[in-house]
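A.B. asks: Residue numbers (this note's numbering): 9 to 144. Glycine included, each C-beta is placed from N, C-alpha and C at the ideal position. Remember, it's a predicted structure, so these values are computed and weren't measured experimentally. One structure follows; several queries about it will come next.
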């Protein structure tokens with residue numbers, strides 16, 4: 009089950025379309041949908057989580073807590089809408105495209121993709137671009 013939770017004024021206008029897209033991504037990656045929670049928040053909310061749980065005193069666009077069991081994906085994905093807005097401006101892309109990138113990025117991590125090395129980051133970006141292009 010994919011759920012969307014809001015700790016900010018922002019809300020997805022078409023949750024069903026996003027759920028379908030995420031589920032199709034999970035299926036194409038040969039994984040199974042478990043309990044996936046998206047929590048949309050602001051910088052302050054996510055910064056507090058970053059400090060408290062990861063001991064990182066920085067702003068970030070996404071933090072995901074992976075509770076997956078094998079190929080069955082479970083987790084909490086926190087997304088700062090403020091960071092996504094700023095990143096969209098910095099990268100000169102539409103807000104909706106950057107939001108999709110961040111949303112699918114968390115799922116791809118759960119599917120086993122990493123992004124710490126240059127090679128892994130390139131593969132992650134390629135997968136992100138592929139799945140963003142599949143959003144209807």
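At a cut of 8 Å, does the stretch 131-143 reach the stretch 110-121 through at least three beta carbon pairs?
C.D. replies: yes
A.B. asks: Excluding five sequence neighbours on each side, which residues of the same chain lie with their C-beta closer than 8 Å to the C-beta of residue 121?
C.D. replies: Apart from sequence neighbours up to five positions away, the residues of its chain that approach residue 121 with a beta-carbon distance below 8 Å are 128, 131, 132, 135, ordered along the chain.
A.B. asks: What residue from 47, 95, 34 has the CA that sits closest to residue 87's CA?
C.D. replies: 47
A.B. asks: Ends of the beta strand (DSSP E) at residue 23?
C.D. replies: Per DSSP, residue 23 belongs to no beta strand (DSSP E); it is in the alpha helix (DSSP H), 23-36.
A.B. asks: Between residue 27 and the rest of its own chain, which residues show a CB-CB distance below 7 Å, the 5 nearest in sequence each way excluded?
C.D. replies: 10
A.B. asks: So does the stretch 34-41 actually touch the stretch 74-82, counting three or more Cβ pairs closer than 8 Å?
C.D. replies: With the cut-off at 8 Å, the stretch 34-41 and the stretch 74-82 touch.
A.B. asks: Kindly indicate which three-state DSSP category residue 12 falls into: helix, strand or coil?
C.D. replies: It is a strand residue.
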